[in-house]
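Beneath this line is the structure, given in structure tokens, with notes to follow.
Structure representation (structure tokens):
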């Protein structure tokens, strides 16, 4: 499976599960847009540090 397809499935299924468990979230996320566009995929190994992952995650929460 391509990484893009895996990310799409993960986002779709997790959004449905969130809305089923917490219906009030639907009013917070108009149109069901919980996730930002895009995704980050990288193999784990010596070239990737925890700090790089943390930085990426923090940058995703910043207003654009």
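Numbering (my numbering), first residue to last: 2 to 65. For glycine and all other residues, C-beta sits at the position ideal for the given N, C-alpha and C.
- Three or more pairs of CB atoms, one per stretch, sit closer than 8 Å, so the segment 31-42 contacts the segment 4-20.
- One thing to note: residue 40 has its Cβ within 9 Å of the Cβ of residue 8.
- Residue 15 carries a helical assignment under DSSP once its states are collapsed to helix, strand and coil.
- For residue 41, the three-state secondary structure derived from DSSP is coil.
- Comparing C-alpha distances from residue 3 to each of 42, 22 and 19 shows the shortest one belongs to 42.
- Taken atom to atom, the span from the alpha-carbon of residue 62 to that of residue 54 is near 13 Å.
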